[in-house]
Amino acid sequence: MPPDTNSPTPIDPQLTGDTSRLTAQPLTVLPTRTQHDDGEADDDDETEQRNLGSEKRQKLNLWKCKQCREARKKCFPADRVWPQKCERCLAHRPEPLDCSEPELNTRKRGPNLKDKARDKQKEKPKDKSPRPPKRIPTVSTSEPRSRDSTDEEEGGASTDDATTYERPQRTEVVSKGVKREYLGDPVPELPKMVINDENYRPTSVYQPLAEGEFRILKLAPGKKDDKIISCSFVTASVDRPMKYEAISYLWGAAGQRSMEIHLTDPQGKSHPIFIRSHLYEALKFLRHPSKFRYFWVDALCINHGSSDKVEKNKQIAMKRFVFRSAENLCFWLGEDENSKTALRFIPRILDLVGIDSLVRDESTVDDWLAFVTLLKNPVFSRLWLVQEVAVAQNVTLHSGQPAIHYGDLVDAVAIFRSFRNQISLMFRNKGKNAKELSARKVIMAERFIEVSANSLRITTTPNKEQKTHRLLSLEALVSHLTSLDSTNPLDRIYSVLAIAKDGPRLDEKTLMPISRQDDDALRIDYEADFVDVYQNFVIRAIQSSHSLDIICRYWAGAVENLPSWVRPKQLLQPALDGNVSERTEADSLVGLPDHNDYHASRGTVATFRVKAQASFANDKSKLLCVRGMRVDTIAKLGPRASEGIILYEWLALAGCVSQGLQFNVPEEFWRTLVADRGPNGTMAPSWYARAFRYCLQHLTATGDINTNRLISLQEDESSLGVSFLNRVQSVIWNRKFLVSKENGWFGLGPMATVETDIICVLYGCSVPVILRPMETEDGEQYFLLVGECYVHGIMDGEIIETAGKYGEEEFDLR
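Numbering of the sequence shown is given in the numbering used here, commencing with residue 2 and proceeding in unit increments.
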């Protein structure tokens, strides 16, 4: 085959394998020195040795980058094309070196010294015993040539002394590198480097991808006990579909133990790389004992270790197509006995005929506990997995044997939620902790499963084509999944962008985003600043919903350096230790999109504009200018309701004083404690007043109402009392009780609230908010959003009805 003239030229033209440019090197006859008793050689032999030394002192002609030349190390691969970096620079830790363009190494060897001079230089005593000639290791592919000398014709030397030599070949293992005697010698291979770094990806394995292409992992067969996992890549594309499956799994923390697998490049060379243990276990379990299997795996098929963010952005944007095109999605739970027990128990939950007896059968408590523990699996806390499951054609759950269909889990969770109270009673009868049934992680898994199962609907057109309908807005998806985790703050938005009904418009065939000007602000770009992405998301949510509720929601997590209208001040307080309680904050007052419980700005829509901050040149955040009314100022505050305890100071501020055996309880106070709503958003039932008076009869020694203690006392006696206390905890947890200055309103504010903060009703916001007036060094006024609040008497549009009493103004939120 003629050479490809368009292929890149290797760095060293002599290492291309073109042997026509190389001439056979003549064999050199090394003289055999005759040793005398004093260990010195004959004069003629000395002359021959000196001539031989001249021949050996030739240029090395090695191509090296500056870093390898200064370190006196090998520089491989020798046939790489600049700007490809060498393996040593890429493998350098703690961070790679800036490899330079290779140059020809012209360093010469030093002179060969005679034995006498060398001995003197080393300052060693002379060895007067006869020494045999030094043999050079030989590996020859042809018939060894014999010298013209015979046994005793050249001075009586024995047969052992007359040695046949071939051209020196590199040794298999060397400590300081191998030097080539001739340019025709093959380049020594770099010793195999095992780099325990999850981000290390060999460039020879990860070949560049063309537009619309993606990698598929070809998993070699192996037995269950075989610890070695071997695989390679094949390339698929939108235009060249192939049969494959996908794997969803828990990536795990960065400090998780790394496991070695072997990836083979197109040239057949195996490279060790490291992956986290969850993926290693999944690959080991899912491989076939005798056949190749083909999988798409995020951590391997996308080159996350590359500095090329463009390819990564494109590959992540293709994830919806990749998961939708997969024949099956293997959802890996981890191989543990508890998960296996839960998967075996799920078919019994799905038996609608026997479910009533099942939730009363106390012998099944351990099975129900295994099912609840399954829901606490961290895999249900990962944001990206929601999209992966939602778009897949078919999903199976795996944790050893047996595997079950994901739809069975969806149904089992729905049945579990319907019978939670009966199962809770059975748990208490068996001495189990019934709170496990409604733990925060369980609720998180329920939300994961609900969204993944109901965010998309697929219908079939009359011509048998399938059409996908996206049901939830981007704001709704982000708000539903606030408790789920993502390693990169940008994934809070990017992970659900492709399944949002107001997300990027997708091509019907490829499911790839179609670029539009209004989508550019939220296209997947991992080089974008997260402050810009978060601000653009909030602005887009306001434009789509005509509501300001998004500025009150808890969705931004623990991300710092955000404007208060993206992450309110209420979220800047330290979270409680997760081991103290499952709950860390009160429920949001604004609720989920399109499900508002309150209407403080009834009949109005959001009026806003965005402008840069002239007074903060180095701040990337913008000002959100909104309109509304300032209605009062906070005059008194009670302490934060840690662990949902109703504190004595709250009772005193509200005027709950004892009159003999009875307490005077203002109605607005007990209604404030439950935010004037029942557990499902209905109006607060009147019997809540009676339940609160019962609580007043059980004060602690310090005059507080310990809601946790009362719940434990009433679990077996009064389900109504427990229901009231649960509602109180969901409203007051970590909030402060407030009394306004002008009107004497009772209310609840975020734990960051301070006296002199103001209460405002903003147009387009379903609940009042607390703002903090601030000034710049230039005297310009702006406001910090402290957060949402409940103020009894203004939650249902009362302020809008008396608009003439309060002046309208614009608030610059920073």
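Yeah, the Cβ is synthetic: ideal placement off N, Cα and C, and Gly gets one too.
Distance between C626 and G355, taken at the CA atoms: about 59 angstroms. 8 angstroms or more divides the Cβ of M752 from the Cβ of N727.
Under the 10 Å beta carbon count, D758 is surrounded by 16 or more other beta carbons and is classified as buried. Counting other Cβ atoms within 10 Å of its Cβ, H399 reaches 16 or more and is therefore classed as buried. Exposed is the label assigned to E104, since fewer than 16 other Cβ atoms lie within 10 Å of its Cβ. R672: member of the alpha helix (DSSP H) spanning 668-674, first to last residue.
Within the DSSP bridge table, the entry for G750 names K737 as partners.
Between the region 547-554 and the region 464-474 there are fewer than three inter-stretch CB-CB distances shorter than 8 angstroms, so the stretches are not counted as touching. DSSP, read as helix, strand or coil, puts I552 in helix.
A283 is the residue among S308, G306, A283 whose C-alpha sits nearest the C-alpha of F296. In the DSSP assignment, C232 falls outside any alpha helix (DSSP H) and within the unbroken beta strand (DSSP E) covering 231-238. Within 10 angstroms of the beta-carbon of G604 lie fewer than 16 other beta-carbons, which makes it exposed.
When the Cα atoms are used, D409 and L344 turn out to be separated by approximately 10 angstroms. In the DSSP assignment, I543 falls within the alpha helix (DSSP H) that extends over 531-546. Here D352 carries a coil assignment [DSSP, helix/strand/coil]. When secondary structure is reduced to three states using DSSP, F286 falls in the helix class. The DSSP-derived three-state label of T803 is coil.
With 16 or more other CB atoms across the displayed protein chains lying within 10 angstroms of its CB, K570 is buried.
By alpha-carbon distance to T777, the top candidate from T461, F420, Q614, V560 is Q614.
Here DSSP, grouped into helix, strand and coil, assigns A247 to strand. Spanning the alpha carbons of A587 and W651 requires a straight line of approximately 17 angstroms. Around the beta carbon of E781, fewer than 16 other beta carbons lie within 10 angstroms, which makes this residue exposed. Considered as a whole, the region 453-507 harbours 457-461, 467-471 as its complete beta strand (DSSP E) runs of no fewer than 3 residues, in chain order.
Cβ neighbours of S565 within its own chain (closer than 7 angstroms, five residues either side excluded): L785, L786, L814, R815. The beta-carbon separation of S602 and L763, rounded to 6 angstroms, stays under the 8 angstroms limit for a contact. With a contact defined as Cβ atoms closer than 8 angstroms, K621 and D533 qualify at about 7 angstroms. Going by C-alpha positions, L485 is about 11 angstroms away from A557. Proximity to F372 across T608, S382, F346, G794 peaks at F346, based on C-alpha coordinates.
Per DSSP, reduced to three states, the secondary structure at R448 is helical.
The beta carbons of S496 and Q388 sit closer together than 8 angstroms. W688 has no beta-bridge partner at all, per DSSP. Excluding its 5 nearest sequence neighbours in each direction, D503 has C-beta neighbours in its own chain below 6 angstroms: S474, L475, S545, listed in chain order. Inside the region 276-330, DSSP marks whole beta strand (DSSP E) runs of 3 or more residues at positions 294-297, from first to last along the chain. Here I543 has L549, I551, A607, F609 as same chain residues with Cβ atoms under 7 angstroms from its own Cβ, once five neighbours each way along the sequence are excluded. In the three-state DSSP reduction, I795 falls in the coil class, being neither helix nor strand. DSSP, read as helix, strand or coil, puts Q730 in helix.
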